[in-house]
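In order, the protein sequence lines correspond to chains V and D. Numbering of the first sequence is given in this note's numbering, commencing with residue 1 and proceeding in unit increments. Numbering of the second sequence is given in this note's numbering, commencing with residue 1001 and proceeding in unit increments. Note that the Cβ used here is the ideal one computed from N, Cα and C, for glycine as well. These numbers were taken from a predicted model, which means no experiment stands behind them.
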Amino acid sequence: MILFDFQYERARSLAEAATLLASLGPDARVMAGGTDLLPNMRTEIARPAALVGLGGITAAEPQVDAEDNIRIDALTRLAAIADSPLIRKRQPMLAEAARAVASNQIRQMGTLGGNLCQDTRCLYLNQQHDFQFVAPCYKRAGSCCYPFPQNKPDVCWSVYMSDIAPALIALEAEISIVGESGMRRLPLEQLYSGNGLKPFTLGKNEVIEAVIVPATPARSGYGYHKSSRRGGLEFATSVIAVALRLDDALMRCTQARIVIGAVREQPIRAEAAEKALVGHEVGAAAYDAAAAAVHEIKPLPHHGFTKSFIVDNLRVYLRRVLAHAVERARASGMVA
Amino acid sequence: MADRSRELSGKSQVISIEVNGELHEVTVRPRHTLVEVLREKIGLTGTKDGCEQGVCGACTILLEGRPALSCLTLAIECDGKKVRTVEGLANGEKVTAIQQAFLDQGAVQCGFCTPGMLMSATALLEKNPKPSLPEIKKALEGNLCRCTGYNAIVAAVRQASGQGVDPVMQ
Chain V
1 MILFDFQYER ARSLAEAATL LASLGPDARV MAGGTDLLPN MRTEIARPAA
51 LVGLGGITAA EPQVDAEDNI RIDALTRLAA IADSPLIRKR QPMLAEAARA
101 VASNQIRQMG TLGGNLCQDT RCLYLNQQHD FQFVAPCYKR AGSCCYPFPQ
151 NKPDVCWSVY MSDIAPALIA LEAEISIVGE SGMRRLPLEQ LYSGNGLKPF
201 TLGKNEVIEA VIVPATPARS GYGYHKSSRR GGLEFATSVI AVALRLDDAL
251 MRCTQARIVI GAVREQPIRA EAAEKALVGH EVGAAAYDAA AAAVHEIKPL
301 PHHGFTKSFI VDNLRVYLRR VLAHAVERAR ASGMVA
Chain D
1001 MADRSRELSG KSQVISIEVN GELHEVTVRP RHTLVEVLRE KIGLTGTKDG
1051 CEQGVCGACT ILLEGRPALS CLTLAIECDG KKVRTVEGLA NGEKVTAIQQ
1101 AFLDQGAVQC GFCTPGMLMS ATALLEKNPK PSLPEIKKAL EGNLCRCTGY
1151 NAIVAAVRQA SGQGVDPVMQ
């Protein structure tokens, strides 16, 4: 399928990218690795008049800043994150999540910022463009949501699929954003609007510059699981990312962040499951209580899976992921 | 829906790409992908244009030494960069160890996936000369073989890395 014509501008820095975006107008888009945007352009889900290419900018190596946070350049390739000795040692969940993304080639091309800003997906929306042109859906400025005809024009139930965002939200990561008027920091959780029509809260001419992951305190453990139809190269059925902390005796859970990805328009905090865990002694009963609480997540029936299948999948894997997280927290507590 | 009738402004530009050690100057529009330019403008048809969605891996090339999908790479972004394609592996009649291993193990069926497989395997072996079985599988996961000749392909990578073919694989 031949791509449509568009204008291309190469940015030499992110600040220049923001300026270029402003001068090119509202139909311009940023392209980092292009592994999400280009397939969408081929199916004409995205039809930008201009692209601002970030391929010419070299990403800085991940490094530890003065406050002991890890600072990762948004243009760092996913393969570099998966292989980075620093990230594997200090934030292994992030390395694991980066390794779970698609294929080796896509991890070598795709960037962290690009992964966080990937578009939402839906079985109807992501069809070949010939079908879409017969009847575009709301996200393509059409007049009906074909998979969910009861939906109103401001509701789009396309699903946000990033494998990495849930892990970063569980780790309380922040993003640094560069725009025409300078820089701002934002907790990653707040990047997502929860509306499939416009999934991100980024301003018009803003670009993510870096991701800042705070240091993990002692007696912390993590658990991560991506379910998908096949092992590799597949969008997730669900993603579970857990970061928790135990008390001095390594018995009671004092803090937990449970984030579920790939089930709704944005990564979801499983707050009822967190409540079922925090303050309780960890063990089979606590895992069961937390796993039972995933009923609060109302998954969208996407990719051909039913809601009940996704809830069952979450319940089974959350239990295992929590057990792993507690094991790791105990192991780290003993070393400390 | 986006306005399909608006004036499009994809101006042509001359770029220089080093392909297999040879410098090429080609005129491209922004919409041209690297695989189109390699096949249609430079005439290197070894790289295959498969799914055009970044799924099958048939178009894998090495861009600055890293495996990349040439169907998802805009040629205009490769200005001044180095590309290696499957044609750059053999030196005349002399094939590389991985190419010989593909021949020995019968790791070629219809052959459509072979150029991409060879490039992914080359990148792996250059970075990690003695990969383990899981490492081989992880490196090749982005290359689909519709003839499902995976066992022979993995055996070929093992042979090329001098590890001997795993008896389980035969």
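Kindly list, in the order they appear in chain V, the residues whose Cβ is closer than 9 Å to that of residue i.
i: K1130 (chain D); result: None at all; the shortest Cβ gap to chain V is about 17 Å.
i: G1149 (chain D); result: The contacting residues do not exist; G1149 (chain D) stays about 17 Å from chain V at best.
Tell me where the alpha helix (DSSP H) around residue i begins and ends.
i: R1158 (chain D); result: Y1150 to A1160
i: M109 (chain V); result: N104 to M109
i: L1133 (chain D); result: L1133 to A1139
i: I81 (chain V); result: L78 to D83
i: A135 (chain V); result: Premise fails: A135 (chain V) is in no alpha helix (DSSP H) and is neither H nor E.
i: G1116 (chain D); result: T1114 to K1127
i: G114 (chain V); result: L112 to L116
Return the chain-ordered list of same chain residues with a C-beta closer than 6 Å to the C-beta of residue i, the five sequence neighbours on each side being excluded.
i: N1091 (chain D); result: none
i: T1027 (chain D); result: S1012 and V1014
i: R257 (chain V); result: A170 and A243
i: V239 (chain V); result: D163, P166, K226, G261 and A262
i: A215 (chain V); result: D68
i: R319 (chain V); result: Y287 and A291
i: E9 (chain V); result: L20 and V52
i: D1003 (chain D); result: Below a pLDDT of 50, predicted positions are generally treated as unreliable, and D1003 (chain D), at 43, falls in that range; no measurement from the model is reported.
i: C122 (chain V); result: S158
i: Y138 (chain V); result: C145, P153 and C156
i: E1007 (chain D); result: With a pLDDT of only 44 at E1007 (chain D), under 50, the local geometry of the prediction cannot be trusted, and no value is derived from it.
Using a Cβ-Cβ cut-off of 8 Å (strictly less than) and excluding sequence neighbours within five positions of residue i, which residues of its own chain qualify?
i: S308 (chain V); result: none
i: R1031 (chain D); result: G1010 and L1074
i: A18 (chain V); result: V178, G179, E180, N205, E206 and V207
i: R185 (chain V); result: E174, I175, S176, I177 and I212
i: E296 (chain V); result: A270, E271, A272 and A273
i: R1066 (chain D); result: A1123
Helix, strand or coil for residue i, going by three-state DSSP, please let me know.
i: Q1099 (chain D); result: helix
i: R1006 (chain D); result: At R1006 (chain D), the pLDDT of 40 sits below 50, so the modelled position is not reliable; the number obtained from the coordinates is stated separately. If DSSP states are grouped into helix, strand and coil, R1006 (chain D) belongs with coil.
i: L1023 (chain D); result: strand
i: A1107 (chain D); result: coil
i: F309 (chain V); result: helix
i: A336 (chain V); result: Below a pLDDT of 50, predicted positions are generally treated as unreliable, and A336 (chain V), at 46, falls in that range; no measurement from the model is reported.
i: Y222 (chain V); result: strand
i: R88 (chain V); result: helix
i: A210 (chain V); result: strand
i: R121 (chain V); result: strand
i: V1165 (chain D); result: coil
i: Q1013 (chain D); result: strand
i: Y317 (chain V); result: helix
i: V155 (chain V); result: coil
Given that residue i touches chain V, what residues does it touch there, using C-beta distances under 7 Å?
i: P1067 (chain D); result: N104, Q105 and Q108
i: T1060 (chain D); result: Q105
i: K1138 (chain D); result: N104
Which residue comes first and which comes last in the beta strand (DSSP E) that contains residue i?
i: K1082 (chain D); result: K1082 to R1084
i: M183 (chain V); result: G182 to P187
i: L94 (chain V); result: No beta strand (DSSP E) holds L94 (chain V); the alpha helix (DSSP H) holding it covers P92 to R99.
i: I164 (chain V); result: Neither: I164 (chain V) is in no beta strand (DSSP E) and is coded neither H nor E.
i: G1088 (chain D); result: It is not in any beta strand (DSSP E) - G1088 (chain D) carries neither H nor E in the DSSP assignment.
i: I177 (chain V); result: E174 to G179
i: I1042 (chain D); result: Premise fails: I1042 (chain D) is in no beta strand (DSSP E) and is neither H nor E.
Counting only Cβ pairs nearer than 7 Å, list the residues of chain D close to residue i.
i: T35 (chain V); result: G1054 and L1072
i: L38 (chain V); result: L1072
Can you pull the chain V residues whose beta carbon is under 8 Å from the beta carbon of residue i, in chain order?
i: G1050 (chain D); result: In chain order: nothing, as chain V lies at least about 12 Å away.
i: K1094 (chain D); result: Correct list: empty, because the minimum Cβ distance to chain V is about 27 Å.
i: S1161 (chain D); result: By Cβ distance, chain V contributes nothing, its closest Cβ being about 17 Å from S1161 (chain D), past 8 Å.
i: S1120 (chain D); result: N104 and Q105
Which bits of chain D does residue i rub up against, with CB to CB less than 9 Å?
i: Y8 (chain V); result: G1010, K1011, Q1013, R1029, P1030, R1031, L1074, I1076 and E1077
i: G25 (chain V); result: Neighbours of G25 (chain V) on chain D: none; closest Cβ ~12 Å, over 9 Å.
i: G232 (chain V); result: K1137, K1138, E1141 and G1142
Between residue i and the rest of its own chain, which residues show a CB-CB distance below 7 Å, the 5 nearest in sequence each way excluded?
i: T76 (chain V); result: A59, P62, T111 and L112
i: R328 (chain V); result: G221 and Y222
i: A32 (chain V); result: L54, L75, T111, G113 and G114
i: D73 (chain V); result: A59, A60 and A210
Which residues in chain D sit within 8 Å of residue i, going by Cβ to Cβ distance?
i: R42 (chain V); result: E1052 and Q1053
i: G53 (chain V); result: L1074, I1076 and E1077
Name the chain A residues whose beta carbon is nearer than 8 Å to that of residue i?
i: G1057 (chain D); result: Chain labels in this structure do not include chain A; the protein chains are V and D.
Where are the alpha helix (DSSP H) runs, 4 residues long or more, that stay fully inside the stretch 224 to 303 of chain V, in chain order?
-> 271 to 277 and 284 to 292
Length-filtered (4 minimum) alpha helix (DSSP H) runs lying within the stretch 1 to 73 of chain V = 14 to 24 and 37 to 42
Please list the segments of the beta strand (DSSP E) lying wholly inside the stretch 1049 to 1079 of chain D, counting only runs of 3 or more residues, in order along the chain.
-> 1060 to 1063 and 1066 to 1069
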